[in-house]
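Protein chains in written order, with this note's numbering: chain A, 1 to 462; chain B, 463 to 656; chain C, 657 to 840; chain D, 841 to 1139.
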Amino acid sequence: MVAAAQHPNIKIMTYAEVEQVEGYVGNFEVTIRQKARSVDVDACTGCGSCWEKCPQKVTSEFDQELAQRKAIYTPFPQAVPNVPVIDRSNCRHFTREKGKCRVCQNVCPAKAVDYEQQDQVIKEKFGAIVMATGYDLFPWEEAYGEYGYGKYPDVITGLQFERMNNASGPTGGRIVRPSDAKVPQTVAFIKCVGSRDEVKGKAYCSRACCMYTAKHAHQVLDKIPGSQAYVFYMDVRTPGKAYDEFYQKSVHEGAVYLRGRVSRIYPQGDKLMVCGEDTLLGRQVEVAADLVVLATAMIPSRGWEQIARTVGVATDKDGFFQEAHPKLRPVETFTAGVYLAGACQGPKDIPDTVAQAGAAAAKVCSLFSRDEMTTEPLISEVNERLCSGCGLCVPVCPYKAIELKTIQERIPGGQRQRQVASVNSGLCQGCGACNVACRTGAVTLKGFTDDQLLAEVDVVCL
Amino acid sequence: MRRVGVFICHCGTNIAANVDVKRVVEAVKDYPEVAFATDYQFMCSLPGQDLIKSAIAEHHLDRVVVASCTPRLHEPTFRKAVADGGLNPYLFEMANIREQCAWVHAGDKERATAKAIDLVRMAVAKVKKHAPLTPSSIPVRHRLLVIGAGIAGMQTALDVADAGYEVVLLDREPTIGGKMVMLDKTFPTLDCSA
Amino acid sequence: MELTATKAGAAKELQRLEKAAGVEVRNCYQCGKCTAGCPVAFAMDYSPRQIMRLLQLGLYDEAVGAHSPWLCASCITCSTRCPKGVNIAGVMETLRIEAKNQGLVPEKAVGLFDDLFLQSVQQNGRVHEMGLILRFNLKSGKWFKDAAFAPKLWRDGKISPRAEKAGREAVARIFARAHSQEGE
Amino acid sequence: MKYAYYPGCSLHATGLEYDLSTRQVAKHLGIELWEIPDWNCCGASAAHNTNHTLAVALPARNLAIAEQEGLDVAVPCAACFNRMRAAQAAARNSEAMRQTINDIIGMDYRASNETCALLDIMVNRVGLETIAEKVVKPLTGLKVAAYYGCLLVRPPEITGFDDPENPQSMDRLVASLGGTPVDWPFKIECCGAGHTTTRPDIASRLLYRIYSGAAAAGADCLVSACPLCFLNLDMRQEQVGREHNASFSLPVFYFTELMGLAFAYAPKDLGINRHFVPVAPLLESKELLRHPVTRREET
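In structure tokens, the structure reads:
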């Protein structure tokens, strides 16, 4: 993180969103909205007096709702850039009796707090785009009534467990029960919550959970003397270098693996009863746990539909971005110059993500190694004489490669202007959709002209 | 009057086990304007490509059809061979007799072969109408936008930046780091994540 | 050896069962969630998951002969929670019907109760609870089962020696036609 | 509001007080219940384990009669409700099945009317606000464990009106009557009513878990929407306690009885005096019997 922050060739833009992407490979023009931080980035020294004094507490997204932050905040101590933002939907200055609370502005020694700051919309040019939008967790609270619909505070997600283990997290690295802050003696882990569940969740395997659950079990046994860790699993999938050894290590440390999906969790006294079957023994089991950790499915990061549409990448049935070929072109998309890295393409762990990020970087570097690139000639062309300018081809083009242009035309007795379709050779991918839409036969796809296709038809039909 | 060369690939046994390759050659050999037709075990191999190049010279071919696998796999290979043989690479057409015949009609060699013959005839008919095409070129701006500054975005940004290119690393959150910085130790090495 | 032989012979029965129960036994991936939540699995010879496994291996006869379908409480927890959408309760129900058609009733009391219940419906159009229980006790040899409850039920007017009768002809017709339908 | 009323066999026998209290509160709320004349047993719970066609045809006949009157059907019994909804779904999902049913019952059933659980009607059609307005003796201080069992909520694609894992209808109803629903983890666990005659050992174990769960949650009583569950929960409480070296005293109510109490009907007019587990001590301790605004049956 620090390396990225300090690299002279990297410019970091946080609290910013992509609004529009125009152009094509080598020549993208991107509209970016820099959201108003309400803090002057250049003036702020990151001293922290503002958020220390801010009177408004808000549940912390970064700490997965296990702790609170202020309305002016940096998500965590090592944040980059180390400049707070004001969350305007919760800040008293913006929500109540407009303008009254000015605590942060008053305490800021650098005079960096700026309530008047506006969103900035900027346009920048790029030769390539890498999508690295990541993942979110499956909202298990909406689907799994048998696990309590989220009403038991001591049933948490793996990511919440990570925050607890993190030294800078809400508990300073201690594993405790959210309900009473007691150290749990028995922790049950449930894998595949939302994964491999066609009915309530997703059909796919989320791929990283087997390993991080093995790690979590290790952390419980390591940090809590005399503790017990039970892992309910359907299959243990650890096909990576040093992965199975890692899982075996947790087993040797004492993690009890039970093969079976949990049917139900219910409270009894201050325990949580976890009802499963040990399918290897063929016997029902009930574990009285103090804490239950769910390995919830990875799903595409919220807002995936919007960003996919904006940039122009295809998505699969689950909303992950579609690679150009699952085996041979895993980091490219169907849009030239747009590449994929990480979990936005499919569930992945960190080693795989880093590897794929490297692959995307290599593709970008290979593109950037030339000042010019040749384009495939099998693209659409418009016969302007036949084109009526109806514009039907414009919306059907999935690559936004067609626009209407005005041409001058000589007609008997003078000149006239009219509109005709025009194909951008940088954007056109030769899919042929415009050919089908064109009523006058003005659009043809080079290499697949009507003449050529009909010759094929004639051979087999005549 | 065109002079079309037709090359039928066995793809080892991938095609040959379910399509009577020899019969396909026989069927198209006397097809109008076909100047040369042959089969070969692996058309995509170097000797296979050489076969195309030498046939272009020897039989004065001006169009080439290869019947083999999906164009997604080897169209670029054969276009290059055709270009090396001295023709415009777009005076070439491919018939997919592996996926569309041998594989989907496995076990019915008779009909798979009949369909392969049809597909090759169609390719020949089409290639005769082909015109030479030339690629154009567009400028490339050496600047990268990375959307999302988690582990994937940061790693890509660093790699590309190290290569000397300018990178904008963008995130909708107030900080970079993504989910990665929420984690504690990471497997399998158990080192810290930040 | 055993598996291959049985599997081949059971293909037809399995198909019939899948159709009747509206399931595909191959969909089951043996996660055990059905059994984990089953209130009566403790009393079964094969757990719901194991019943599915028997069917997957083509060990159809073993599944039909099992006690489990007769002990299933039809509470439908298994089907409701199955991550693959397999209607396990439907499989149990269908196995019980199949077993009955083959004259297999491993849980005699349960089979007897079903029979007497339907007899009562067939005769009267409605179930006569008291008559049903009395007959069940007589035939099962547990003459005085629950007899202690009888006086209070009697006093409260909840049991009566006289059967309520309604729609008898219509119901008799339904029984006749339904049986001929399923017999086909 | 008029419904075709299908009491089912139990409500004419061991579930007498459910029928009684249902009729009282329906009348009180202005709901006309037209008992399907000549109704027959729906086949629950033996038919579906014996013959698939029989299991849909038996309930379908009753639904067809109601359909001829153009009426939706109100079903108090959870088991009957489940079988009737299953028949309705079978007829709606497959034209061939509908034809088969019609051939068997000798009627033209088009499944155009709706089959509803009485609980669903009260909570979602009559509405809790309307019910709350009628409350004259709120069930203040009465902690109630709502017991839904299996067939009211499962399978959800058949039953449809409440959540299969954490149903709320009865809890909300209790709250609107002024009572306190307790959150407890066994509200949808099977009570084994189907096994009480044939395998009492199984039923006993399931009942024990339910009683202990309700007691642990601090409930004063249980409320049910099914005559089979009710009888099982009420009649066997002492016996199950004995078998497990425990002692339970959890009166069981039908939700209609609680409604009737809150509407100030006398327990006797609702049939509450006929329960196995005595109810009077609890009602007295909560002062739910003291105020004599008690309504007498008007007929």
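Don't be surprised by glycine CBs; every beta carbon is placed ideally from N, CA and C.
Worksheet item: Any idea which residues DSSP pairs A/GLN248 with across the strands?
Response: According to DSSP, A/GLN248 bridges with nothing at all.
Item to complete: At 7 angstroms on the CB atoms, spell out the chain C contacts of D/CYS1069, in chain order.
Response: Within 7 angstroms Cβ-Cβ: nothing; D/CYS1069 doesn't reach chain C, min ~11 angstroms.
Fill in: Minimum C-alpha distance to C/ALA677 - residue among C/ILE753, C/SER776, C/TRP799 and C/PRO695
C/ILE753
Worksheet item: Could one say the Cβ of C/GLY688 lies closer than 7 angstroms to chain A's Cβ atoms, at least one of them?
Response: yes
Worksheet entry | When A/GLY389, A/LEU462, A/GLN78 and A/GLY430 are compared against A/ALA167, the one with the closest alpha-carbon | A/GLN78
Practice prompt. Give, in chain order, every residue of the stretch 143-156 of chain A whose Cβ lies closer than 7 angstroms to some Cβ of chain D.
Written response: GLY145, GLU146 and TYR149
Worksheet item: Ends of the alpha helix (DSSP H) at C/GLN779?
Response: 764-780
Worksheet item: Are any of the Cβ atoms in chain D nearer than 7 angstroms to that of C/GLU754?
Response: no
Worksheet entry | Sequence-distant residues of the same chain with beta carbon closer than 7 angstroms to A/CYS431, five excluded per side | PRO398
Practice prompt. Kindly indicate which residue of A/PHE62, A/ARG102, A/PRO75 and A/THR45 has the alpha-carbon position closest to the one of A/ALA110.
Written response: A/THR45
Worksheet item: Are the C-beta atoms of D/MET1075 and some chain C residue less than 7 angstroms apart?
Response: yes
Worksheet item: So which of B/THR596, B/ARG485, B/LEU523 and B/PHE649 has the shortest CA-CA distance to A/ILE379?
Response: B/THR596
Worksheet item: In the structure shown, what three-state DSSP assignment does C/GLU825 receive?
Response: helix
Practice prompt. May I ask you to report which of helix, strand or coil DSSP gives D/GLU1138?
Written response: Any answer about D/GLU1138 is weak, because its pLDDT of 49 lies below 50 and its placement is not dependable; what the coordinates show is given next. It is coil, neither helix nor strand.
Worksheet item: Does DSSP put D/GLU997 in a helix, a strand or coil?
Response: helix
Worksheet item: Under a three-way DSSP split, which group does C/ARG833 fall into?
Response: helix
Discussion item. Is it buried or exposed, A/ALA3, if we count other Cβ atoms within 10 angstroms and call 16 or more buried?
Written reply: exposed
Fill in: C-beta atoms of B/VAL466 and B/VAL496 nearer than 7 angstroms
yes
Item to complete: Could you work out which residues of chain A lie near B/ARG442, taking near to mean beta carbons separated by less than 7 angstroms?
Response: This structure does not reach residue 442 of chain B, given that chain B is present from 463 up to 656, and the question cannot be answered.
Item to complete: Look up D/TRP879 in the DSSP assignment and say whether it is helix, strand or coil.
Response: coil
Worksheet item: Considering only C-alpha positions, which residue in the set D/ARG1012, D/ASP1003 and D/ALA886 is nearest to D/ALA919?
Response: D/ALA886
Worksheet entry | Complete runs of the beta strand (DSSP E) confined to the stretch 490-516 of chain B [at least 3 residues] | 496-502
Worksheet item: Less than 7 angstroms separating the beta-carbons of A/TYR15 and B/PRO636?
Response: yes
Discussion item. Using 7 angstroms as the threshold, is the C-beta distance between B/ALA585 and B/ALA568 below it?
Written reply: no
Worksheet item: Mind checking C/MET657: buried by the 16 CB within 10 Å criterion, or exposed?
Response: Because C/MET657 carries a pLDDT of 46, less than 50, the predicted location of this residue cannot be relied on, and no value is offered for it.
Worksheet item: Below 8 angstroms, can you find three or more Cβ-Cβ pairs linking the stretch 127-140 of chain A to the stretch 268-286 of chain A?
Response: no
Worksheet item: In whole angstroms, what separates the C-alpha of A/ILE72 from that of A/VAL236?
Response: 43 angstroms
Worksheet item: Rounded C-beta distance between A/GLY426 and A/TYR24? I'm assuming under 8 angstroms.
Response: 4 angstroms
Discussion item. At the 7 angstroms Cβ level, is D/GLY1034 part of the contact set with chain C, yes or no?
Written reply: yes
Item to complete: Anything in chain A within Cβ reach of B/THR596, meaning under 7 angstroms, just list it in chain order.
Response: PRO377
Item to complete: Kindly indicate which three-state DSSP category C/PHE698 falls into: helix, strand or coil?
Response: helix
Fill in: Contacting positions in the stretch 187-203 of chain A - beta carbon closer than 9 angstroms to chain C
CYS192, ARG196, ASP197, GLU198, VAL199, LYS200 and GLY201
Fill in: CA nearest to the CA of D/ARG1114, picked from C/VAL747, C/HIS784, C/LEU713 and C/GLY813
C/GLY813
Discussion item. Just to confirm my understanding: we take D/CYS911, look at its own chain, exclude 5 residues before and 5 after, and list those with CB closer than 7 angstroms. What are they?
Written reply: The sequence as given places Leu at residue 911 of chain D; Cys does not occur at that position. Closer than 7 angstroms at the Cβ level, and outside the excluded window around D/LEU911, lie LYS842, TYR843, ALA844, TRP874 and ASN953.
Practice prompt. Can you tell me the Cβ-Cβ gap for A/ASP290 and A/THR186, rounded? I've got them flagged as a contact below 8 angstroms.
Written response: 5 angstroms
Worksheet item: Excluding sequence positions up to five away, which residues of its chain have a Cβ less than 7 angstroms from the Cβ of D/ASN942?
Response: ASP948 and TYR949
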